[in-house]
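Residue numbers (our numbering): 1 to 133.
Read through the structure below, which is laid out as C-alpha coordinates, and then see the notes.
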(Lines of atoms letter the chains of each structure in order from A; the text may use other names.)
(Lines give C-alpha, C1' and ligand atoms only; values in the text may rest on other atoms or scores of the structure.)
Protein backbone atom coordinates (compact mmCIF):
# COMPACT_ATOMS: atom_id res chain seq x y z
CA UNK A 1 0.00 0.00 0.00
CA UNK A 2 1.32 3.44 -0.92
CA UNK A 3 2.34 5.91 1.77
CA UNK A 4 0.03 8.52 0.28
CA UNK A 5 -3.00 8.43 -1.97
CA UNK A 6 -3.81 11.34 -4.28
CA UNK A 7 -7.13 12.72 -5.37
CA UNK A 8 -7.52 13.79 -8.99
CA UNK A 9 -7.63 17.44 -7.84
CA UNK A 10 -4.34 17.05 -5.94
CA UNK A 11 -2.64 15.70 -9.05
CA UNK A 12 -4.20 18.41 -11.22
CA UNK A 13 -2.54 21.03 -9.01
CA UNK A 14 0.81 19.38 -9.87
CA UNK A 15 0.22 19.39 -13.64
CA UNK A 16 2.01 22.71 -14.35
CA UNK A 17 5.15 21.46 -12.58
CA UNK A 18 4.79 17.97 -14.10
CA UNK A 19 4.44 19.47 -17.58
CA UNK A 20 7.59 21.56 -17.18
CA UNK A 21 9.66 18.76 -15.63
CA UNK A 22 8.46 16.02 -17.98
CA UNK A 23 9.01 18.26 -21.01
CA UNK A 24 12.62 18.74 -19.94
CA UNK A 25 13.04 15.03 -19.19
CA UNK A 26 11.56 13.93 -22.52
CA UNK A 27 13.77 16.34 -24.49
CA UNK A 28 16.90 15.35 -22.57
CA UNK A 29 16.14 11.63 -23.03
CA UNK A 30 15.64 12.05 -26.79
CA UNK A 31 18.85 14.05 -27.16
CA UNK A 32 20.83 11.57 -25.03
CA UNK A 33 19.56 8.69 -27.17
CA UNK A 34 20.55 10.56 -30.34
CA UNK A 35 24.08 11.12 -28.99
CA UNK A 36 24.38 7.43 -28.06
CA UNK A 37 23.12 6.40 -31.50
CA UNK A 38 25.76 8.61 -33.19
CA UNK A 39 28.48 6.93 -31.10
CA UNK A 40 27.14 3.45 -31.91
CA UNK A 41 26.97 4.30 -35.62
CA UNK A 42 30.60 5.45 -35.49
CA UNK A 43 31.61 2.22 -33.71
CA UNK A 44 29.84 0.18 -36.36
CA UNK A 45 31.44 2.20 -39.18
CA UNK A 46 34.89 1.52 -37.74
CA UNK A 47 34.17 -2.20 -37.20
CA UNK A 48 32.80 -2.68 -40.74
CA UNK A 49 35.74 -0.89 -42.33
CA UNK A 50 38.25 -2.98 -40.40
CA UNK A 51 39.41 -0.07 -38.29
CA UNK A 52 39.79 3.53 -39.06
CA UNK A 53 40.33 6.97 -37.81
CA UNK A 54 37.92 8.16 -35.18
CA UNK A 55 37.00 11.78 -34.69
CA UNK A 56 38.05 11.89 -31.05
CA UNK A 57 36.59 15.36 -30.44
CA UNK A 58 33.17 14.35 -31.77
CA UNK A 59 33.32 11.05 -29.87
CA UNK A 60 34.20 12.83 -26.62
CA UNK A 61 31.54 15.51 -27.21
CA UNK A 62 28.81 12.91 -27.79
CA UNK A 63 29.94 10.91 -24.76
CA UNK A 64 29.91 13.98 -22.51
CA UNK A 65 26.58 15.16 -23.94
CA UNK A 66 24.95 11.76 -23.36
CA UNK A 67 26.28 11.64 -19.79
CA UNK A 68 25.11 15.21 -19.00
CA UNK A 69 21.68 14.62 -20.50
CA UNK A 70 21.32 11.30 -18.68
CA UNK A 71 22.03 13.12 -15.40
CA UNK A 72 19.33 15.67 -16.33
CA UNK A 73 16.87 12.82 -16.97
CA UNK A 74 17.67 11.24 -13.58
CA UNK A 75 17.29 14.58 -11.80
CA UNK A 76 13.94 15.22 -13.50
CA UNK A 77 12.69 11.74 -12.65
CA UNK A 78 13.78 12.31 -9.04
CA UNK A 79 11.80 15.59 -8.96
CA UNK A 80 8.69 13.79 -10.23
CA UNK A 81 9.14 11.09 -7.59
CA UNK A 82 9.53 13.77 -4.91
CA UNK A 83 6.12 15.13 -5.98
CA UNK A 84 4.65 11.67 -5.36
CA UNK A 85 4.52 10.44 -8.95
CA UNK A 86 5.90 7.27 -10.48
CA UNK A 87 7.30 7.95 -13.98
CA UNK A 88 6.35 5.05 -16.26
CA UNK A 89 7.25 5.93 -19.85
CA UNK A 90 9.54 8.83 -20.71
CA UNK A 91 8.75 8.59 -24.41
CA UNK A 92 5.04 9.13 -23.84
CA UNK A 93 5.50 11.21 -20.70
CA UNK A 94 3.46 8.92 -18.43
CA UNK A 95 3.28 9.37 -14.66
CA UNK A 96 1.13 7.38 -12.22
CA UNK A 97 -0.08 8.52 -8.80
CA UNK A 98 -1.48 6.17 -6.13
CA UNK A 99 -5.21 6.60 -5.56
CA UNK A 100 -7.95 4.82 -3.64
CA UNK A 101 -10.98 4.01 -5.78
CA UNK A 102 -13.85 2.21 -4.10
CA UNK A 103 -11.46 1.01 -1.40
CA UNK A 104 -9.00 -0.43 -3.93
CA UNK A 105 -5.55 0.99 -4.55
CA UNK A 106 -5.19 2.00 -8.21
CA UNK A 107 -3.16 4.53 -10.17
CA UNK A 108 -4.31 7.86 -11.48
CA UNK A 109 -2.66 8.14 -14.88
CA UNK A 110 -1.32 11.40 -16.33
CA UNK A 111 0.17 11.76 -19.80
CA UNK A 112 2.30 14.69 -20.91
CA UNK A 113 0.06 17.27 -22.55
CA UNK A 114 -3.05 16.41 -20.55
CA UNK A 115 -4.45 19.29 -18.52
CA UNK A 116 -6.65 17.26 -16.20
CA UNK A 117 -6.71 13.85 -14.56
CA UNK A 118 -9.35 11.81 -16.37
CA UNK A 119 -7.96 8.26 -16.27
CA UNK A 120 -6.98 5.51 -13.89
CA UNK A 121 -5.81 1.92 -14.15
CA UNK A 122 -5.19 -1.01 -11.82
CA UNK A 123 -1.80 -1.59 -10.23
CA UNK A 124 -1.16 -4.58 -12.50
CA UNK A 125 -2.31 -2.71 -15.61
CA UNK A 126 -0.70 0.00 -17.66
CA UNK A 127 -1.46 2.83 -20.04
CA UNK A 128 -3.26 0.61 -22.54
CA UNK A 129 -5.80 -0.33 -19.85
CA UNK A 130 -6.66 3.24 -18.80
CA UNK A 131 -10.25 3.79 -17.79
CA UNK A 132 -12.19 7.05 -17.51
CA UNK A 133 -12.80 8.35 -13.99
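A virtual CB, placed ideally from N, CA and C, is assigned to each residue, including glycine.
Kindly indicate which three-state DSSP category residue i falls into: helix, strand or coil?
| i | result |
| --- | --- |
| residue 118 | coil |
| residue 105 | strand |
| residue 92 | coil |
| residue 41 | helix |
| residue 123 | coil |
Suppose the cutoff is 6 Å on Cβ atoms and the five residues either side in sequence are ignored; what does the same chain contact list for residue i look like?
| i | result |
| --- | --- |
| residue 130 | 109, 119, 121 |
| residue 79 | 21 |
| residue 13 | none |
Counting only the same chain and skipping the five closest in sequence on each side, list residues whose C-beta sits under 7 Å from that of residue i.
| i | result |
| --- | --- |
| residue 70 | 32 |
| residue 84 | 4, 6, 97 |
| residue 54 | 42, 46 |
| residue 8 | 108, 117, 133 |
| residue 115 | 15 |
Report yes if the C-beta distance between residue i and residue j is below 9 Å; otherwise report no.
| i | j | result |
| --- | --- | --- |
| residue 28 | residue 76 | yes |
| residue 90 | residue 26 | yes |
| residue 92 | residue 107 | no |
| residue 95 | residue 86 | yes |
Quick check: what's the CA-CA separation for residue i versus residue j?
| i | j | result |
| --- | --- | --- |
| residue 82 | residue 17 | 12 Å |
| residue 111 | residue 68 | 25 Å |
| residue 126 | residue 132 | 13 Å |
| residue 11 | residue 113 | 14 Å |
| residue 99 | residue 105 | 6 Å |
| residue 38 | residue 57 | 13 Å |
| residue 2 | residue 103 | 13 Å |
| residue 63 | residue 40 | 11 Å |
| residue 15 | residue 23 | 12 Å |
| residue 59 | residue 30 | 18 Å |
| residue 88 | residue 61 | 29 Å |
| residue 19 | residue 48 | 43 Å |
| residue 101 | residue 128 | 19 Å |
Those runs of the alpha helix (DSSP H) which lie wholly inside the stretch 45–89 and span at least 4 residues: Counting whole runs of 4 or more residues, the stretch 45–89 contains the alpha helix (DSSP H) stretches 56–82.
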